[in-house]
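Student: Note that my numbering has the sequence shown beginning at 9, numbered continuously upward.
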Amino acid sequence: MTKWTAADVPDQSGRVAIVTGANTGIGYEAALVLAGKGAKVVVAVRNLDKGAAAVAALKRVHPGADVTVQELDLSSLASVRAAAEDLGAALPRIDLLINNAGVMYPPKQTTADGFELQFGTNHLGHFALTGLLLHNLLDVPGSRVVTVASLAHRQLADIHFDDLQWERKYNRVAAYGQSKLANLMFTYELQRRLGAAGASTIAVAAHPGISNTELMRHVPGTSIPGVMKLAGLVTNSPAVGALPTLRAATDPAVQGGQYYGPSGFQEAVGHPVLVESNAKSHDVAVQKRLWTVSEELTGVSYPL
Numbered sequence: 009m010t011k012w013t014a015a016d017v018p019d020q021s022g023r024v025a026i027v028t029g030a031n032t033g034i035g036y037e038a039a040l041v042l043a044g045k046g047a048k049v050v051v052a053v054r055n056l057d058k059g060a061a062a063v064a065a066l067k068r069v070h071p072g073a074d075v076t077v078q079e080l081d082l083s084s085l086a087s088v089r090a091a092a093e094d095l096g097a098a099l100p101r102i103d104l105l106i107n108n109a110g111v112m113y114p115p116k117q118t119t120a121d122g123f124e125l126q127f128g129t130n131h132l133g134h135f136a137l138t139g140l141l142l143h144n145l146l147d148v149p150g151s152r153v154v155t156v157a158s159l160a161h162r163q164l165a166d167i168h169f170d171d172l173q174w175e176r177k178y179n180r181v182a183a184y185g186q187s188k189l190a191n192l193m194f195t196y197e198l199q200r201r202l203g204a205a206g207a208s209t210i211a212v213a214a215h216p217g218i219s220n221t222e223l224m225r226h227v228p229g230t231s232i233p234g235v236m237k238l239a240g241l242v243t244n245s246p247a248v249g250a251l252p253t254l255r256a257a258t259d260p261a262v263q264g265g266q267y268y269g270p271s272g273f274q275e276a277v278g279h280p281v282l283v284e285s286n287a288k289s290h291d292v293a294v295q296k297r298l299w300t301v302s303e304e305l306t307g308v309s310y311p312l
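So, in structure tokens, the structure goes:
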């Protein structure tokens, strides 16, 4: 089987891509490839200094690239709305919205709006951002919303409607799993709604397998000297970890509602192929309920 690589990304000239969390890790690597292929890339990040440093680094690799930074704190709905207003006004045409940013396994924390940090950032922040920007994608042929999920949607994961914010008892692994299961359910329900509306925009999901990025910083044991260096030997590099996202975003053969991940054992490492999420993620009743709850919590309704 031929390995799909960054060389397979088609020319992106004239296309506009927004990548959340693109200052580091797989988001940065995805932005790097897209910029190199001619796309106008917006690095949407919480920390403007880190965003500016990422833009400078991208331009050092691709001196002629059209890359800008946008402040976006997904843990604040006020910030999401402000960013969406800025982006919506500046970019009447958006071809790619890549919902990549995320937090994993932090100590118990809440967002500015009182949501559990992982659910609030990974799912609700992106749900709101996508809904607020969707007008700018709907009339663009071939436009896509790509949301980065995780193998963790299989780990202790459920949508805990009786305690979405983990106020009774916090399990950071299960909370992360819930947020990543929500990312997949959001993608599938969004695709169903886009299809019903006859939109040309599609919704696709991807996951990086196990990738050695800053996202790993809260994983127990990673502070031990040498552990992260060892991890680098048995995980995808950020550049390879970004390939499923890039394939979901650019491969002409991709269809709405598909899910891309690594080809290797247990989807942990390898080059991107079409994969399948677990049965729980395909529960339509739960998808619809999650959508309704997400609209209520964020105050964002979709123009579909």
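The C-beta atom is built at its ideal place from N, Cα and C for all residues, glycine as well. Predicted model, so just to flag it, every value in this text is computed and none were measured.
Let me confirm a value: Thr306 is counted as buried when at least 16 other C-beta atoms fall within 10 Å, else exposed. Which label applies?
Tutor: The sequence position of residue 306 within the sequence shown is 298, counting from 1. Counting Cβ neighbours within 10 Å, Thr306 comes out buried, since at least 16 surround it.
Student: Whole angstroms is fine: what's the gap from Val292's alpha carbon to Leu298's?
Tutor: For the purposes of this step, residue 292 is identified with residue 284 of the sequence shown, where counting begins at 1. For the purposes of this step, residue 298 is identified with residue 290 of the sequence shown, where counting begins at 1. Val292 and Leu298: Cα-Cα distance of roughly 10 Å.
Student: Under 7 Å between the Cβ atoms of Arg255 and Pro280?
Tutor: Position 247 of the sequence shown, counted from the first residue, corresponds to residue 255. Position 272 of the sequence shown, counted from the first residue, corresponds to residue 280. Cβ atoms of Arg255 and Pro280: closer than 7 Å.
Student: Can at least three beta-carbon pairs, one atom from the segment 259–269 and one from the segment 189–204, be found at a separation below 8 Å?
Tutor: Yes, since at least three Cβ pairs between the segment 259–269 and the segment 189–204 fall closer than 8 Å, the two stretches touch.
Student: By alpha-carbon positions, which one of Ile102, Val88, Gly46 ends up nearest to Val75?
Tutor: The count along the sequence shown starts at 1 and reaches residue 75 at position 67. Checking every option, the nearest Cα to that of Val75 belongs to Gly46.
Student: Am I right that Leu145 and Val156 are in contact with their C-beta atoms under 8 Å? What's the rounded C-beta distance?
Tutor: Position 137 of the sequence shown, counted from the start, is the residue given in the question as residue 145. Position 148 of the sequence shown, counted from the start, is the residue given in the question as residue 156. The pair is not a contact, with the Cβ atoms about 17 Å apart (cut-off 8 Å).
Student: Give the DSSP bridge partners of Arg152, in chain order.
Tutor: Residue numbering aside, residue 152 sits at position 144 when the sequence shown is read from its first letter. According to DSSP, which records beta bridges pairwise, Arg152 is partnered with Leu104, Ile210.
Student: What residues in its chain sit with their C-beta under 6 Å from that of His134, if we drop five residues either side in the sequence?
Tutor: Here residue 134 is taken as the residue at index 126 of the sequence shown, counted from 1. Taken in chain order, the residues that qualify are Asn107.
Student: So what does DSSP say about Asn244, is it helix, strand or coil?
Tutor: Within the sequence shown, the letter at position 236 stands for residue 244. Residue state, collapsed to three classes: strand.
Student: Looking at Glu79 and Leu99, is the spacing between their C-beta atoms short of 7 Å?
Tutor: The residue you call residue 99 lines up with position 91 of the sequence shown. The residue you call residue 79 lines up with position 71 of the sequence shown. Taking 7 Å as the Cβ cut-off, Leu99 and Glu79 do not qualify as a contacting pair.
Student: Checking 7 Å against the spacing of the C-beta atoms, do Ala160 and Lys116 come in under that value?
Tutor: To locate residue 160, count along the sequence shown from 1; it is residue 152. To locate residue 116, count along the sequence shown from 1; it is residue 108. Not in contact: Ala160 and Lys116 (Cβ atoms no closer than 7 Å).
Student: In the DSSP assignment, what residue or residues form a beta bridge with Glu93?
Tutor: Translated into positions along the sequence shown, residue 93 becomes position 85. Answer is none; Glu93 lacks a bridge partner.
Student: Judging by CA-CA distance, which residue of Asn31, Gln186, Gly33 is the nearest neighbour of His131?
Tutor: Numbered from 1 along the sequence shown, position 123 holds the residue referred to as residue 131. Looking at Asn31, Gln186, Gly33, the one whose alpha-carbon comes closest to that of His131 is Gln186.
Student: For Ser271, which residues from the same chain have a beta carbon less than 6 Å from its beta carbon, with the 5 sequence-adjacent residues on both sides left out?
Tutor: The sequence position of residue 271 within the sequence shown is 263, counting from 1. The answer, listed in chain order, is Gly278, His279, Val281.
Student: Looking at C-alpha atoms only, which residue of Leu82, Gly33, Val69, Ala205 is the closest neighbour of Thr119?
Tutor: In the sequence shown, residue 119 corresponds to position 111, counting from 1. Closest option to Thr119, Cα to Cα, is Leu82.
Student: Going by the DSSP bridge assignment, what does Ala52 pair with across the sheet?
Tutor: Here residue 52 refers to the residue found at position 44 when the sequence shown is read from its first residue. For Ala52, which the question treats as bridged, DSSP gives the partners Thr28, Gln78.
Student: Which whole-angstrom value is the C-beta distance of Leu251 and Thr13, which I expect to be below 8 Å?
Tutor: As a first step, residue 251 is located in the sequence shown; it is residue number 243 there, counting from the start. As a first step, residue 13 is located in the sequence shown; it is residue number 5 there, counting from the start. Indeed, because the Cβ distance is near 7 Å, the residues count as touching under 8 Å.
Student: If you drop the 5 nearest sequence neighbours on each side, which residues of the same chain put their C-beta closer than 6 Å to that of Asn286?
Tutor: For the purposes of this step, residue 286 is taken as the residue at position 278 of the sequence shown. Arg162, listed in sequence order.
Student: So which of Arg23, Thr253, Gln274 has the shortest CA-CA distance to Val148?
Tutor: Looking up residue 148 in the sequence shown gives position 140. It is Arg23.
Student: Let's see if you can read the secondary structure: which residues bound the alpha helix (DSSP H) around Val294?
Tutor: Along the sequence shown, read from residue 1 onward, the residue named residue 294 stands at position 286. Segment 292–306, the alpha helix (DSSP H) holding Val294.
Student: Quick one: what does DSSP say Val281 is sitting in, helix, strand or coil?
Tutor: As a working note, residue 281 is residue 273 in the sequence shown. Here Val281 sits in strand by DSSP.
Student: Would you check if the distance between the CB atom of Tyr310 and the CB atom of Gly139 is smaller than 7 Å?
Tutor: The count along the sequence shown starts at 1 and reaches residue 310 at position 302. The count along the sequence shown starts at 1 and reaches residue 139 at position 131. Yes, they are a contact pair.
Student: To the nearest angstrom, how far is the alpha carbon of Pro18 from that of Leu172?
Tutor: Residue numbering aside, residue 18 sits at position 10 when the sequence shown is read from its first letter. Residue numbering aside, residue 172 sits at position 164 when the sequence shown is read from its first letter. Each residue's alpha carbon lies about 40 Å from the other.
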